[in-house]
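To start, the structure under review is shown below, and the notes come after it.
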Amino acid sequence: MVDCINERRRSMRADTAMPDYILIRVFTEEKQALKELARKKGTSLSGLIRDAVLDAPSTSTAGYDGVWS
Numbered sequence: 004m005v006d007c008i009n010e011r012r013r014s015m016r017a018d019t020a021m022p023d024y025i026l027i028r029v030f031t032e033e034k035q036a037l038k039e040l041a042r043k044k045g046t047s048l049s050g051l052i053r054d055a056v057l058d059a060p061s062t063s064t065a066g067y068d069g070v071w072s
């Protein structure tokens, strides 16, 4: 219970300290693989993730009226 409360406090501090950032948690092995891929592509880890997310086609069907704008 105490660990849960402490985690919530850390999370809340991170949200207020960095309101323009999104925290992504990955396993150490995944992070190393992503960092290596970013290095090979000549970009940063955050740039690699940003490009993958912003260039990805939307999978949400919320508000879909049959035409992608």
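Just remember that my numbering sits 3 ahead of the position in the sequence shown, which is counted from 1. Where is the CB? At the ideal position from N, CA and C, for every residue including glycine.
task = Inspect the beta-carbon positions of K38 and L26 and report whether they are closer than 8 Å.
result = no
message = In this structure, how does DSSP classify R53 when only helix, strand and coil are distinguished?
response = helix
Own chain, CB closer than 6 Å to L51, minus 5 neighbours either side, in chain order = A41
ask   = Taking the alpha-carbon positions, what's the A59 to F30 distance?
value = 22 Å
message = I need the DSSP call for T31, collapsed to helix, strand or coil.
response = helix
Straight-line Cα distance separating D54 from A36 = 16 Å
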